[in-house]
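In terms of full-length UniProt numbering, the sequence shown opens at residue 1 and continues consecutively.
Note that beta-carbon positions come from the ideal geometry of N, C-alpha and C, so glycine has one too.
Model, not experiment: these values are computed from the prediction.
Just below is one structure, and these are the notes that go with it.
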Amino acid sequence: MLAADELAAWLTLAHTPRVPASAALALLAAFGSPRPIMTETAAGLEQVVGAVAAQALLQSRDTVAPRVEAALAWAAGNARLIVPFGHPAYPPALLTLYDPPPLLYVHGAIGALHQPALAIVGSRNPTPQGNDNARLFAQALAAQGVCIVSGLALGIDGAAHRGALDSGGVTVAITGSGADVIYPQRHADLAAKIVERGGAILTEWPLGAAPLRQHFPQRNRLIAAMVRGVLVVEAAPYSGSLITARLANDIGRDVFAIPGSIHSPMSRGCHRLIKDGAKLVETPHDVLTELRLPEPGVEAAPGAAPASAQAATLTVCANHAPAVRPPEPAATHRPGAAIPAPNAATTHMLDALTAHRRDTSTAQPAERAAIRPIHAGTTQSADAPAADWVDAAAARPTDPLVTGHHARRWRYRTVTPGDARRGTAAARAPTRRRTIGPWSSARRRPTYVAAARNTQAGHAADAARRATLEAIGHDPVTLETLVQRTHLDCATLQAVLLELELSGTIVALPGGRFQRA
């Protein structure tokens, strides 16, 4: 455990408003450790980071005590660590960032942060096929010893974490909130399982920090840096997952994408990535081949890269800092166990950071450099509110049975009750004419649909048809898969499929598969 005064210095440096990570690193480079920074005069601070950041640091010195007490109480819990920049447990993969966070909060096994890792990201509102792909890819890759990294969000993120746990593998969730704030709340049980089974929850945000929208693009940069590659399973054209892919490409990571149906809006982001140079993958083996990971049980050849990123950091800093034995990969922090405070290695870590930046800026493979920046100006994230995802929400008809798969427009006339009773020509003359898109809740539905919904049987049949269409998605699917996705009995499902096939909504394919027409 860090001493209280040392922890206070790190907390002040890491979490003072208007002092970004780049300014904190500049201060560490100038003063060597946080303690001298806390006693430096305003004039001395201004020479390094300017007047605004200097004044912010001076003002925060008097308000840090409650945060120190809260951090000490949190870190006293089981498997909880506060890891400062320059500490032997700090993930060296983050050195490839321009602004690595000065302080990390880790809940779980610290060894999980030093394993070969792959990020699996995608939409918060995936199709059934996308959800299955994320889980199956994560399950297969985790079984091969790959740590699965994602953001604990709904949709693809959650499926990836669960897939890794299903195979007994390790997964790391990087969040955009404080370590004591699980977001979304419905993933609280999933977060607990990640920690229990040898994984970790990682964040750079202070305790109690809310999951604000602006936190998630910064969270995405940590996801991109912690891994060897990023796999985008499904993404809309303006998905926050594309930000993660762009950031990964910028720092020399591999970018993979799974193709999908040309009719699915959730595949357009992946298709754009592939057009821009991302690697198309169809099986987990494709990813393993590109990552060039050794098979489980095969020892690395002499002279090969260190088995963990922890060892890689010590190799980089070998000329500057004394050797420190890294923790065991599966070890977790025991309550009350002491963590040595960072020493002069902080300064040498900054030298390593500079070396990493120089190496990665000149040695990127051509295929990585070929990927052009994607939506560089967007700030949307994978955890943004659903209302902001207009491309995904507006692309799905609310009533496929009425509108069909393709867009149609309905026009109708509004008449007075008197005109309707008289049956005159006035009833046929429009007093108001409106054109409403097929996805508007205000449109008039055909008479036979409205009549069917007046009965309980009509409601149930309509719900079954819509559930079946949603489960079919945009790719061929078998009857067994539809039974699992819809939870309908086989007889009811077959009746619904026959009705949809006769109406031309779906087609039956060889091998007992079904697809949208």
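Uninterrupted alpha helix (DSSP H) stretches at least 4 residues long and entirely within the segment 64–152 occur at 65–75 and 128–143, given in chain order.
CA-to-CA, the gap between L113 and A200 works out to about 8 Å. Per DSSP, reduced to three states, the secondary structure at Q515 is strand. Taken in chain order, the complete beta strand (DSSP E) segments of 3 residues or longer contained in the segment 205–252 are 229–232. By the beta-carbon neighbour count (other beta carbons within 10 angstroms, threshold 16), N78 is exposed. The alpha carbon of R219 has as its nearest neighbour, out of A209, G158 and G176, the alpha carbon of G176.
Look at the beta carbons and you see the segment 94–112 touching the segment 63–82: at least three pairs across the two are nearer than 8 Å. DSSP places A278 outside both helix and strand once states are collapsed to three, so it counts as coil.
By DSSP's assignment, D254 forms a beta bridge with G229.
By alpha-carbon distance to A248, the top candidate from H263, G229 and M266 is G229.
Here I223 is near V149, since their CB atoms are less than 9 Å apart. The beta carbon of R18 sits closer than 7 Å to the beta carbons of V52, A53 and A56 from its chain, once the five residues preceding and following it are set aside; these are given in chain order. Within 10 angstroms of the beta-carbon of D157 lie 16 or more other beta-carbons, which makes it buried. In this structure, the straight-line span from the alpha carbon of R292 to that of S239 is close to 28 Å. Segment contact: the segment 162–182 against the segment 197–215, three or more CB-CB distances shorter than 8 Å; contact assigned. L7 counts as buried, since at least 16 other C-beta atoms from the protein chains shown sit within 10 angstroms of its C-beta.
Spatial neighbours of L118 in its own chain (CB-CB distance under 8 Å, excluding positions within 5 residues in sequence) are listed in chain order as L141, V146, C147, I148, V149, V227, R228, G229, V230, L231, V287 and L291.
Between V233 and G122 the beta-carbon gap is near 4 Å, inside 8 Å, which marks them as a contact. For T203, the enclosing beta strand (DSSP E) begins and ends at A200 to T203. Residue range I506 to L509 is occupied by the beta strand (DSSP E) that includes L509.
In the structure shown, V172 falls within a strand segment according to DSSP collapsed to helix, strand and coil. Spatial neighbours of C270 in its own chain (CB-CB distance under 7 Å, excluding positions within 5 residues in sequence) are listed in chain order as V232, E234, A235, A257, I258, P259 and G260. Within the same chain, G145, V146, C147, R228, L291 and L293 come within 8 Å of P116 by CB-CB distance, once the 5 residues on both sides are set aside.
Membership of T492 in the alpha helix (DSSP H) is indicated by the continuous run C490 to L502. Residue pairing by DSSP puts V477 in a beta bridge opposite F514.
Non-local beta-carbon contacts of N133 in its own chain, meaning distances under 8 Å to residues more than five positions away in sequence, involve V233, E234 and I258 in chain order.
Residue range A4 to H15 is occupied by the alpha helix (DSSP H) that includes A14. Between R135 and L154, the CB-CB gap reaches or exceeds 9 Å. Per DSSP, reduced to three states, the secondary structure at V181 is coil, with no helix or strand assignment.
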